[in-house]
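Residue numbers (this note's numbering): 7 to 291. Below: the structure, in structure tokens.
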């Protein structure tokens, strides 16, 4: 047996836990199936594309404005911090815009051109911009909700760990959150094949892991994961849920049936999905 590198995993086993192209044989088909929904979300609704929220190349937002005082939903895309783009996930907006929300998808610069610290900073800057400009996009700055998938789930959790008062903002800027299929402990990522493009050292993985940054305050949060995901993805969500509950916060765990890592964001296309229902409830839709 090969040497163990993390918990009960050797290198090959650990890599397989996080290699979604190998674990999800329908990977390309699922992504392709989302394209018509993405196109419809842009063509059927008013949408502002590539609004800059900072000076860096990746600091851009796609905004579906509200009708004034609408709850705001920010979706943070995944891709292991090194790939993908917000425009692949525009389908997320459709049901929420129909229900009266202001929806925003953000981009951020990707590894290896930037490090993890900078990616987290950019996502925090996106939320600060949204708060300060909410009234101009038909949103309510007091009703900002955040969700994100995979690496976006990690970034969602790191926004919850933010000391917003350092940004000159209220401590409770984020009113609700749903980190989806998130990565809350980056140490196994550092030890996996993924780090060939992330370049994290041990200190960087530790300081940027939500499990080591449990907030002093949290809004109602649902930590969600696909029922068909790997043991590691489920473990990641469970340990974060438990840590937040132990700190006294209103945090629950949701496994979404009949979904794997690649297909679970598509649940947001279905207004009857328990995943969509969670955010509708948080947002008062």
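Backbone N, C-alpha and C fix where the C-beta goes; we use that ideal spot for every residue, glycine too. Given the structure is predicted, the values throughout are model-derived calculations rather than measurements.
task: Evaluate residue 198 with the Cβ neighbour count: other Cβ atoms within 10 Å of its Cβ, from every protein chain shown; 16 or more gives buried, anything less gives exposed.
output: To locate residue 198, count along the chain shown from 1; it is residue 192. Buried, since its Cβ has 16 or more Cβ neighbours within 10 Å.
query: Should residue 131 and residue 177 be called a contact, given that it needs their Cβ atoms to be closer than 8 Å?
result: The residue given as residue 131 occupies position 125 in the chain shown. The residue given as residue 177 occupies position 171 in the chain shown. Contact flag unset, no.
Assigned secondary structure, residue 66 (DSSP; H/G/I helix, E/B strand, else coil): Stepping through the chain shown from its first residue, residue 66 is reached at position 60. Residue state, collapsed to three classes: strand.
query: Do residue 113 and residue 138 have their C-beta atoms within less than 8 Å of each other?
result: Here residue 113 refers to the residue found at position 107 when the chain shown is read from its first residue. Here residue 138 refers to the residue found at position 132 when the chain shown is read from its first residue. Cβ atoms of residue 113 and residue 138: not closer than 8 Å.
query: With C-beta atoms as the reference, is residue 147 less than 8 Å away from residue 290?
result: Taking the chain shown and counting its residues from 1, one reaches residue 147 at position 141. Taking the chain shown and counting its residues from 1, one reaches residue 290 at position 284. Contact: no.
task: Taking all protein chains shown into account, decide if residue 145 is buried (16 or more other Cβ within 10 angstroms of its Cβ) or exposed.
output: Here residue 145 corresponds to residue number 139 of the chain shown, with the count starting at 1. Buried, since its Cβ has 16 or more Cβ neighbours within 10 Å.
- request: Inspect the beta-carbon positions of residue 162 and residue 69 and report whether they are closer than 8 Å.
  value: Along the chain shown, one-based indexing puts residue 162 at 156. Along the chain shown, one-based indexing puts residue 69 at 63. Against a cut-off of 8 Å, the Cβ pair of residue 69 and residue 162 comes out as no contact.
message: By the three-class DSSP mapping on this structure, what secondary structure does residue 23 have?
response: Numbered from 1 along the chain shown, position 17 holds the residue referred to as residue 23. Assigned with DSSP and collapsed to three states, residue 23 falls in helix.
query: Got a sec? Which residues, its chain only, sit under 6 Å from residue 253 by beta carbon, not counting five neighbours each side?
result: Residue numbering aside, residue 253 sits at position 247 when the chain shown is read from its first letter. Counting only Cβ-Cβ distances below 6 Å, and skipping sequence neighbours, we find 220.
message: Pull the bridge partners of residue 154 from the DSSP assignment, please.
response: Mapped onto the chain shown, residue 154 falls at position 148. For residue 154, which the question treats as bridged, DSSP gives the partners 82, 185.
- request: Run the CB neighbour count on residue 42, radius 10 Å, all protein chains shown included, and call it buried at 16 or more, exposed below.
  value: Against the chain shown, residue 42 aligns to sequence position 36. Residue 42 is exposed by the Cβ-count criterion.
query: In whole angstroms, what separates the C-alpha of residue 125 from that of residue 263?
result: Position 119 of the chain shown holds residue 125. Position 257 of the chain shown holds residue 263. If I take the Cα positions, the gap works out to 31 Å.
task: Let me know the beta strand (DSSP E) ranges lying completely inside the segment 203 to 288, each 3 residues or longer, listed in chain order.
output: Complete beta strand (DSSP E) runs here, min 3: 227 to 232, 257 to 262.
message: I want to know whether the segment 150 to 170 touches the segment 199 to 209 - three or more CB-CB distances under 8 Å.
response: Contact fails: fewer than three Cβ-Cβ distances are below 8 Å.
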